[in-house]
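**Student:** So that we are looking at the same thing, I have put the structure below in C-alpha cells.
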Ligand SMILES: Cc1cc2nc3c(=O)[nH]c(=O)nc-3n(C[C@H](O)[C@H](O)[C@H](O)COP(=O)(O)OP(=O)(O)OC[C@H]3O[C@@H](n4cnc5c(N)ncnc54)[C@H](O)[C@@H]3O)c2cc1C
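In my numbering, the protein residues as written are 745 to 1107.
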C-alpha cells in the first residue's frame, strides 16, 4: 500500500490492537466538523450526510465533533450539525482552539476518540482536515484512507470499506482497517452529496473537557492574512461550471470559456494539461488531482474526458460536452454532446445566450 493510500499505518514493530483487541468496544460514526474563523466548511455537512447512511447501516449513532472558542459560532456549528443529521455533538469549547493549530487540535481530538471510542472517524480532505487526520491517525496508530470516493459498510466484517483511486486513477482500490480502531477516512469537498437540512432537528449535546494550556502550544498565530479569494464563489460549489481543455488549442482561446461562464453566472476551470501549461491557475484544475465539482450544469469544451477528469465531474446534474471527436471518452458520460469545433461553438453559444438573457458581458 503506498504512502498516498494510507497517511498513517500501524507500526509493525509495535502492533496495538484496538482496545487490547476488543473491537466491539468501539461503536458509533463520528464526523469532524471543520470550524475555522467562525465558518463551517460545507464538506462537514456532506460527511454528516454520508455518515448518516453508514450509522444507519450499522445501527449506531452518528456524532459530530465541534471544536472552537466558547462563542456563538461554535454554538451555531453544533446546532447545524444536528440539522444535517447528527444524533449527538461532542463539543470542546476552549480559547486555545480559537484558531487551527495541529498540536492542540490533535490532542483534543485524540483524547475525545480515546474517551468515546467511535468505530469510524471521518474528516474532510481540506488543508486543515488532511493535516489533522494524519496527525490523529499517527497518534492513535490506526489506519487512515485518504481522498475516498466511496464509503460503505462491509457486512461480513462490519468494517468500513473505503474506496479511493490508485495507480494514477486508473484503478479503484477498497481499503479496510480490520484490526485497529477507529477506522479513519478523508473525503474531498463535493465528492459526497449535500444532505437535506432539517431546521427542526436537534440532538444530544455532550460538553467535553480537555486540559489544554496556551503555554503548552509552541505554535503561535502572529497575524492572519486572508485569502483574497476567500469570499468569492468557490469553483467546487458553483452551480454552473464551464471548463476548457487542450482542444482549445492555445491559451488566448480560454477567453471563450471565461465569457460563457460569466454570462451564465458560473465559474470556470480546466483540465490538468491546461492547468499545468498555465492557461488557468492550478486551483482551477478539475479532476482527480484537482477540484471535484457537482454543479447543476457542467460544460466541457475540448476536454477528452479521461478517467482522472471524469471522477471530478460525474456528480454534475447535466454535462454538456463540446468536442470535435464523436468517439471521445467524454461521450460515454455526457448528458448532451455537441460535436464540432469548440472555437466556433463557444462564441456562438455565448452570443445566443446573451441575446436570450438580454445581458451584455464585458469582453
Ligand atoms: C495521476 C494522474 C492524475 C491526473 N489528474 C487529472 C485531473 O485532475 N484532471 C484532469 O483533467 N486530468 C488529469 N490527468 C490527466 C488525464 O489523464 C488526461 O491526460 C487529461 O484530462 C486530458 O486533458 P484534455 O482532455 O484537456 O486533453 P486531451 O486528452 O488532449 O483532449 C483534448 C480533446 O479536445 C478535443 N478537441 C481537439 N480540438 C478540438 C476543437 N477544436 N474543438 C472541440 N474539441 C476539440 C479532442 O477530440 C480531445 O478529445 C491525470 C493524469 C494522471 C496520470
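By construction, the Cβ of each residue, glycine as well, lies at the ideal position given by its N, Cα and C atoms. Every value quoted in this text rests on a predicted model; they were computed, and no experiment measured them.
When burial is assigned at 16 or more other CB atoms within 10 Å of the CB, is residue 1035 buried or exposed?
**Tutor:** It counts as buried.
**Student:** How would you call residue 1099, buried or exposed, if buried means at least 16 neighbouring beta carbons within 10 angstroms?
**Tutor:** exposed
**Student:** In this structure, does DSSP put residue 1071 in helix, strand or coil?
**Tutor:** coil
**Student:** Let me know if residue 968 comes out buried or exposed under the rule of 16 or more other beta-carbons within 10 Å of its beta-carbon.
**Tutor:** exposed
**Student:** Decide if residue 966 is buried, meaning its Cβ has at least 16 other Cβ atoms within 10 Å, or exposed.
**Tutor:** Exposed, since its Cβ has fewer than 16 Cβ neighbours within 10 Å.
**Student:** Measure the C-alpha to C-alpha separation of residue 1093 and residue 1004 and round it to an integer number of angstroms.
**Tutor:** Answer to the nearest angstrom: the Cα atoms are 8 Å apart.
**Student:** Are residue 787 and residue 868 touching if we call contact CB-CB under 8 Å?
**Tutor:** yes
**Student:** When the Cα of residue 775 is compared with those of 797, 865, 871 and 944, which residue comes out closest?
**Tutor:** It is 865 whose Cα lies nearest to the Cα of residue 775.
**Student:** Assuming residue 903 is part of the beta strand (DSSP E), what are its boundary residues?
**Tutor:** 903-910
**Student:** For residue 788, name the three-state secondary structure that DSSP assigns.
**Tutor:** helix
**Student:** Nearest-angstrom Cα distance between residue 906 and residue 821?
**Tutor:** 27 Å
**Student:** Beta-carbon separation of residue 809 and residue 777 under 8 Å?
**Tutor:** The answer is yes: Cβ separation under 8 Å.
**Student:** Can you tell me which of the three DSSP states residue 797 falls into?
**Tutor:** If DSSP states are grouped into helix, strand and coil, residue 797 belongs with the helices.
**Student:** Take residue 1042 and list the residues in its own chain whose beta-carbon comes closer than 6 Å to its own, dropping the five residues that flank it on each side.
**Tutor:** 985, 1057, 1060 and 1063
**Student:** Decide if the region 1067-1079 is in contact with the region 1026-1040; the criterion is three or more beta carbon pairs, one per stretch, under 8 Å apart.
**Tutor:** Counting Cβ pairs under 8 Å, fewer than three are found: no touch.
**Student:** Looking at the secondary structure, which residues open and close the beta strand (DSSP E) in which residue 776 lies?
**Tutor:** Residue 776 -> beta strand (DSSP E) spans 773-777.
**Student:** Report the three-state DSSP secondary structure of residue 1014 (helix, strand or coil).
**Tutor:** strand
**Student:** What does the alpha-carbon distance come out to for the pair residue 961 and residue 845?
**Tutor:** 9 Å
**Student:** Less than 8 Å between the beta carbons of residue 1089 and residue 1044, yes or no?
**Tutor:** Pairing residue 1089 with residue 1044 gives a Cβ-Cβ distance that is not under 8 Å.
**Student:** Which same chain residues end up closer than 6 Å to residue 956 when comparing Cβ atoms and leaving out the 5 residues on each side of it in sequence?
**Tutor:** Around residue 956: 838, 840 and 848.
**Student:** Pick helix, strand or coil for residue 900, following the three-state DSSP scheme.
**Tutor:** coil
**Student:** Straight-line CA distance for residue 1037 to residue 1049?
**Tutor:** 14 Å
**Student:** Per the DSSP calculation, residue 1045 is bridged to which residue(s)?
**Tutor:** 988 and 1066
**Student:** How should residue 746 be labelled, buried or exposed, when 16 other C-beta atoms within 10 angstroms of its C-beta is the threshold for buried?
**Tutor:** Only weak support is given to the placement of residue 746: the predicted model assigns it a pLDDT of 36, under 50, and the value that follows is read from those uncertain coordinates. When all chains shown are included, residue 746 counts as exposed.
**Student:** Does the beta-carbon of residue 759 have 16 or more other beta-carbons within 10 angstroms, so that it is buried, or is it exposed?
**Tutor:** Residue placement at residue 759 cannot be trusted, given a pLDDT of 41 that sits under 50; what the coordinates show is reported in the next sentence. Flag for residue 759 reads exposed.
**Student:** Only counting runs of 3 or more residues, tell me where the beta strand (DSSP E) segments fall wholly within the region 919-1007, in order along the chain.
**Tutor:** 927-931, 948-952 and 984-988
**Student:** For residue 795, which of 780, 825, 855 and 871 has the nearest alpha-carbon?
**Tutor:** 825
**Student:** Counting only beta-carbon separations shorter than 8 Å, does residue 775 have a partner in chain C?
**Tutor:** The structure shown contains no chain C, having only a single protein chain.
**Student:** Starting from residue 806, trace the beta strand (DSSP E) both ways and give me its first and last residue.
**Tutor:** 806-812
**Student:** If you draw a straight line from the alpha carbon of residue 1081 to that of residue 932, how long is it in whole angstroms?
**Tutor:** Distance between the alpha carbons of residue 1081 and residue 932 is about 28 Å.
**Student:** Check whether the Cβ of residue 1025 sits closer than 7 Å to any heavy atom of ligand 1, and report yes or no.
**Tutor:** no
**Student:** Could you compute how far the alpha carbon of residue 936 sits from the alpha carbon of residue 766?
**Tutor:** Residue 766 has its alpha-carbon roughly 31 Å from the corresponding atom of residue 936.
**Student:** Among 819, 790 and 1006, which one has its Cα closest to the Cα of residue 1130?
**Tutor:** The shown model of the chain, from 745 to 1107, leaves out residue 1130, and the question about it has no answer.
**Student:** Nearest to residue 879 by CA position, among 850, 771, 978 and 953, is which residue?
**Tutor:** 850
**Student:** For residue 916, which residues does DSSP report across the bridge?
**Tutor:** 909
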